[in-house]
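With mature numbering (1 follows the signal peptide of the UniProt record, and there is no 0) applied, the sequence shown corresponds to residues -19 to -1, 1 to 365, in that order. C-beta atoms are modelled at their ideal positions from N, C-alpha and C, and glycine is treated no differently. Note that this is a predicted model, so its numbers are computed, not measured. Heads up, the thing below is written out as structure tokens.
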Amino acid sequence: GRATALYFLFCCLMASQVANKVGQVSVPRTISVDNSTYLEKFTASWSSWWAKPKGPSTEREKIMACFFDHYEIEHHRRKCIILAYPSGYQVWDITSLDHVFEVFSTRSSPCVTHARFLPTPAGEMEEGAPFYGAGPVLLVVHDDETRPSTSVLTFAALKTMDKMDMKFKKKIHAVYCNRHAICIVTKSCIYLLNPITYSRLNIFGSDNRIQCYPGSDVALGTRWLAYATLEITDEGVDEPITTLEIAQGVGYRAAEMLKDSVVAISSYKGSEEGAPPVNPEETDKEKLLAQAAGTVAIYDVVDDRIVLRIKCHREAISHIAFDQSGTLLCVASVSGMSLNVIKLTSTVVQEHGKKRTQVTGVLLYRLIRSVYTAGNITQVSFTS
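Listed below in structure tokens is the structure:
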């Protein structure tokens, strides 16, 4: 919380002070890591490819977005922060605050909307694969300037500076990575890519995408993918029934009855304007969205199957987040009333002579903010 905020302010202040030196190497003479010699040579070797600053100084110093992440060098995992500018981005190593240094910088790319390093894939990378031996690989998303409402995903190998673009017909809202898959999130679909070949993974056998609840959030853990689904389920989180929850339910139903009464009285009194025609297709779609709202599906990326569907909220999901272990799931709804932390437990069972993983969800913690509030929970994260 407070430490992360101070950490971020420190990094932003440092980035502002060195904005006029973008493109130059600022590696300290001594780095307190085991592979310091290799790391210093590795970062210094990129300097000849770095682009020169462009545009006025005020534009160079304007930070549009920042992303905390990790990158790997010779099996060493290091912390970094990625700063996005109107015409490029910077990568700063922040593993040690005593030795903060610039890893990469460019001023020759469009404004970045999302950026993330690709972790070492779980599968073995064979010679001939894209960017073989050229890691770490950075995934960068920017809007397609030639086609509105579309995005371009760029794979950049920082060791060789090779790049590969992948265009999407829809706007990319987020990018997540683990050792098994690259997750591309659009408004209503989720695409999974192979982290070695960068080709699309088949989902549920033959589909190349997952249909999700429009405008909802997605979380990718170490193995499981959690998303708001359009499918309906009656299964909820296992929890004891409390007096507070009963009172909340009564208050919720009373408010709904009051709202329905107001609508009924308004329609009884009549209106000077005629009622607009009702589109049956729109009515069915709204009914489906209302029934599916608040339902979360857990997809096993390795086994290619849904392992759990669970009703977490009455309203649509606004944010989903996994903790570092990938077993604690935090879910918030658009109403902003409550935030649920669900513990996911997996057990191995025998089905038709084969071993399969069975997943259950238990409510571990619930934060109730108010019965009615306009506050929308848009960001949740776990510390280590």
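With a threshold of 16 other CB atoms inside 10 Å of the CB of residue i, please say whether the residue is buried or exposed.
| i | result |
| --- | --- |
| THR326 | exposed |
| residue 382 | Nothing can be reported for residue 382: it is not among the residues displayed for the chain, which extend from -19 to 365. |
| ASP79 | exposed |
| GLN71 | buried |
| PRO129 | exposed |
| PHE98 | buried |
| GLY186 | exposed |
| ASP198 | buried |
| SER86 | buried |
| VAL84 | buried |
| GLY109 | exposed |
| TYR113 | exposed |
| THR364 | exposed |
| GLY196 | exposed |
| SER299 | buried |
| GLY342 | buried |
| ILE165 | buried |
| GLY334 | exposed |
| MET318 | buried |
| HIS123 | buried |
| SER316 | buried |
| HIS294 | buried |
| VAL81 | buried |
| SER68 | buried |
| VAL118 | buried |
Put residue i into one of helix, strand or coil per three-state DSSP.
| i | result |
| --- | --- |
| GLU212 | coil |
| ALA200 | strand |
| ALA297 | coil |
| LYS43 | coil |
| GLN339 | strand |
| HIS344 | At residue 344 the sequence reads Leu, which differs from the His that was named. Strand. |
| LEU270 | helix |
| THR359 | coil |
| ASP50 | strand |
| ALA278 | strand |
| THR264 | helix |
| TYR172 | strand |
| GLY4 | Caution applies to GLY4, whose pLDDT of 37 falls short of 50 and renders its modelled position unreliable; the value that the coordinates give is listed next. GLY4: coil per DSSP, three-state reduction. |
| SER90 | coil |
| CYS311 | strand |
| ARG350 | coil |
| ILE177 | coil |
| VAL288 | strand |
| ASP15 | With a pLDDT of only 41 at ASP15, under 50, the local geometry of the prediction cannot be trusted, and no value is derived from it. |
| VAL322 | strand |
| LEU206 | strand |
Across which residues does DSSP place residue i in a beta bridge pair?
| i | result |
| --- | --- |
| TYR66 | GLY69 |
| ASP188 | ILE184 |
| PHE85 | VAL72 |
| ARG97 | LEU120 |
| HIS57 | ILE54 |
| VAL329 | THR338 |
Taking 8 Å as the cut-off, decide whether the C-beta atoms of residue i and residue j are in contact.
| i | j | result |
| --- | --- | --- |
| LYS148 | ASP125 | yes |
| LEU211 | LEU269 | yes |
| ARG160 | ALA103 | yes |
| ALA302 | CYS311 | yes |
| ALA205 | GLY275 | With the sequence shown as reference, residue 205 is identified as Trp, and Ala is not the correct amino acid for it. No, Cβ-Cβ distance for TRP205 and GLY275 is not below 8 Å. |
| VAL322 | LEU345 | yes |
| GLY356 | ARG347 | no |
| LEU320 | VAL283 | no |
| ALA273 | TYR194 | yes |
| HIS95 | ALA155 | yes |
| ALA278 | TYR208 | yes |
| PRO100 | CYS158 | yes |
| THR214 | LYS292 | yes |
| ILE177 | MET106 | yes |
| SER169 | LYS152 | no |
| ILE191 | LEU174 | no |
Step through the CB atoms of chain B and report whether any lies within less than 8 Å of the CB of residue i.
| i | result |
| --- | --- |
| ALA200 | No chain B is present in this structure, which holds just one protein chain. |
As an exercise, report each continuous beta strand (DSSP E) stretch of at least 3 residues that is fully enclosed by the segment 99 to 166, in chain order. 118 to 124, 132 to 138, 143 to 149, 155 to 158 and 163 to 166
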